[in-house]
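Down below is the structure, laid out as structure tokens.
2 protein chains.
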Amino acid sequence: MKTYLDCLPCFMSQALKAARATTGDEEVHRRVLDAVAGMTPELPLGLTPPEIAQQVYRLTYQIIGDCDPFRKAKIEANQMALALYPRLKKVLADSQDPLLTACKLAVAGNSIDFGPDFYLGNIDDIVETALSSSLAINDYKRLRDSIANSGRILYLGDNAGEIVFDRLLIEELRCAGEAEITFVVRESPIINDATIDDALAIGMDRIARVVSNGSDAPATILSQCSPEMLGLYHSADVIISKGQGNYESLEGETGNIFFLLMVKCPVVARLFGANVGDAILKYKKQKMKNGRK
Amino acid sequence: MKTYLDCLPCFMSQALKAARATTGDEEVHRRVLDAVAGMTPELPLGLTPPEIAQQVYRLTYQIIGDCDPFRKAKIEANQMALALYPRLKKVLADSQDPLLTACKLAVAGNSIDFGPDFYLGNIDDIVETALSSSLAINDYKRLRDSIANSGRILYLGDNAGEIVFDRLLIEELRCAGEAEITFVVRESPIINDATIDDALAIGMDRIARVVSNGSDAPATILSQCSPEMLGLYHSADVIISKGQGNYESLEGETGNIFFLLMVKCPVVARLFGANVGDAILKYKKQKMKNGRK
């Protein structure tokens with residue numbers, strides 16, 4: 092998707108949050124805000140929001156002198172989610188449709204996000220709400236059927252902490268079919284997005300192959316991905332894309348993609364015809380490209 | 092209160108909203124955003140948020156060539172609120188404590204605001220929520236007692252539409268005491284703030300004296316107010332201040348002030364120890380100045 096004018100003030104807020112995560116020095120915070128405001132007139136709205144966010148965060152990290160301001164918050168998010176894991180395993184064991192429940196939990200886990208100004212409450216409340224609510228867009232049956240017939244599933248991760256919920260869903264995917272599953276993380280730290288370190292910390296490598304996409308964008312920007320990642324992307328039967336960043340970067344691309352996310356801003360809410368805070372499981376039809384499907 | 096860094100992206104969002112209210116031309120929207128971003132490094136955070144907002148809106152109105160982009164929305168808000176008036180009158184007639192209920196409704200009316208990015212739902216839902224909820228900060232008893240002993244009440248209005256709810260409260264204030272009540276509006280249009288025209292449109296002049304404060308700020312900035320307004324301010328026994336803008340400009344000033352507002356942003360929520368969307372009726376003690384109370 093293209094960047095909307097509404098995104099520009101949001102980038103400023105995100106930069107401020109990142110600066111505050113590193114230092115309490117208000118002069119540094121101000122310097123960051125002024126620098127991002129200074130970029131604004133030059134930002135091309137034809138790019139996707141994560142492409143611009145990548146520029147904004149690179150500049151911010153340079154000014155604050157910290158390439159991973161959410162380091163500690165990410166570790167805490169992984170630990171918090173791991174502590175929930177046994178209870179959620181039991182919820183799934185008792186569920187009438189564990190795969191559907193795992194999808195809902197995976198979307199709930201997407202609420203762990205330090206980028207947009209979005210707060211739903213504590214993770215226990217989020218889990219309770221997820222279990223008792225419906226998906227606002229629900230292409231679950233199609234996902235279930237696609238999984239059963241897939242040889243290769245590519246699962247695009249999003250945030251630290253959230254990846255524990257992804258692990259639960261991947262464990263259910265393994266019960267629901269025979270596919271080889273690859274879990275994708277970012278190449279280097281950006282916001283609270285998961286990297287290889289996070290995936291290893293929560294044991295993702297024990298249930299799926301884990302690869303980096305080769306990029307430091309808070310998204311999956313194909314033009315920045317490694318050849319290995321592109322090979323996996325184009326040979327996957329089903330792609331599961333977690334979070335708004337992956338959606339923003341991939342909704343215009345080809346691929347058999349299921350987008351699982353929580354809606355975090357009014358712009359994306361409008362695109363889905365949904366509300367901020369809604370849980371989405373949306374299938375996107377593969378586009379025809381050069382006569383191939 | 093001083094301006095926080097969090098306010099700077101919010102000013103950009105507000106400017107965008109004002110531009111969109113006047114024109115669908117995205118080039119103009121972009122020009123406005125770029126201009127406000129360009130102001131950012133120069134903005135002195137020692138000023139109150141409405142003082143900066145005043146500069147931002149003046150620049151925005153100049154670029155869009157419209158000194159009142161919310162003209163139509165204000166008229167509609169007055170009409171919508173007037174249509175509710177008979178029903179709310181009945182609610183008050185049936186209430187055990189009509190003055191308290193009128194205070195709650197007056198705060199609910201403060202949700203009609205086109206400035207900050209704040210949306211609670213439609214006005215019927217807001218009224219229902221207000222009637223069934225408690226005030227998050229509740230200095231009502233002190234207000235009731237102060238009213239009973241007051242000769243002069245100065246009521247600082249905020250937004251169009253909302254002033255119908257203020258009229259209901261003023262009608263209850265007249266039942267609760269003998270005070271002379273003056274209702275204050277902005278001198279000229281700014282966002283959706285009420286001016287003399289709005290006050291006349293909803294019949295405020297039939298139940299109170301209506302005066303302009305002499306300023307086009309979305310607030311009560313005493314240094315910009317007319318001598319008449321300052322005389323009224325300093326001779327009032329009780330000041331009722333509606334909305335976040337009036338709070339932001341007056342919380343550092345002397346005066347026997349009751350702040351009635353709905354919390355509309357995380358910054359003000361933090362200052363009150365409350366949540367966004369909370370209803371506030373907060374008394375602020377008069378400061379000593381030059382040995383006088």
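One line per chain: the protein sequences are U and Y, in this order. All you need for this note's numbering is the position in the first sequence, starting with 1, plus 91. All you need for this note's numbering is the position in the second sequence, starting with 1, plus 91. Ideal Cβ placement from N, Cα and C applies to all residues, glycine included.
query	result
Proximity winner among P357(Y), F256(Y), A308(Y), relative to C101(Y) (alpha-carbon distances)	P357(Y)
Own chain, CB closer than 7 Å to V301(Y), minus 5 neighbours either side, in chain order	F274, V276, I287, A290, M295
Interface residues of chain Y facing R121(U) [CB-CB closer than 7 Å]	L96
Beta strand (DSSP E) segment containing E271(U), residue limits	271-276
Selected residue, minimal CA-CA separation from G137(Y), among G343(Y), F363(Y), A197(Y)	G343(Y)
4-residue-minimum alpha helix (DSSP H) runs that sit fully inside the region 189-243 of chain U, ordered along the chain	189-200, 214-223, 231-239
Beta-carbon contacts of L107(Y) that lie in its chain and below 8 Å, excluding the five residues immediately before and after	H120, V123, L124
The region 244-260 of chain Y in contact with the region 320-335 of chain Y per 3-pair CB rule at 8 Å	yes
Same chain, Cβ closer than 6 Å to A144(U), neighbours up to 5 away in sequence not counted	P309
Closer than 8 Å at the beta carbon, the chain U residues around S104(Y)	D97, P100
Closer than 9 Å to chain Y by CB, A227(U)	no
Anticipated Cβ contact below 8 Å, R159(U) with P280(U), distance rounded	It should be noted that the sequence gives Asp, not Arg, for residue 159(U). That belief holds up - the Cβ atoms of D159(U) and P280(U) are roughly 4 Å apart, short of 8 Å.
Limits of the unbroken beta strand (DSSP E) element including F350(U)	348-353
Enclosing beta strand (DSSP E) for S340(Y) [first to last residue]	That residue, S340(Y), is in no beta strand (DSSP E); its alpha helix (DSSP H) goes 334-341.
Neighbour flag for T131(Y) against chain U, beta carbons, 9 Å	yes
Strand pairing of K163(U), partner residues [DSSP]	Paired residue(s): none; K163(U) is not in a bridge.
Beta-bridge pairing of I32(Y) - partner residues as DSSP gives them	This structure cannot settle anything about residue 32(Y), because the visible part of chain Y is limited to 92 through 384.
Test item: CB-CB of L372(Y) and N229(Y) under 9 Å	yes
Neighbour flag for L136(U) against chain Y, beta carbons, 9 Å	yes
Cross-chain neighbours of A360(Y) in chain U, by beta carbon under 7 Å	Neighbours of A360(Y) on chain U: none; closest Cβ ~11 Å, over 7 Å.
Sub-9 Å separation of R243(U) and L191(U) beta-carbons	no
Helix, strand or coil at T114(Y) according to DSSP, with G and I counted as helix	coil
Per-residue burial, D307(U) [other beta carbons within 10 Å of its own, 16 or more giving buried]	buried
Which residues DSSP lists as bridging T286(U), in chain order	R277(U)
Where S303(Y) falls: helix, strand or coil (DSSP)	strand
Cβ-based burial, S104(Y) [other Cβ within 10 Å; buried from 16]	buried
Limits of the alpha helix (DSSP H) - the one that A267(U) falls within	253-267
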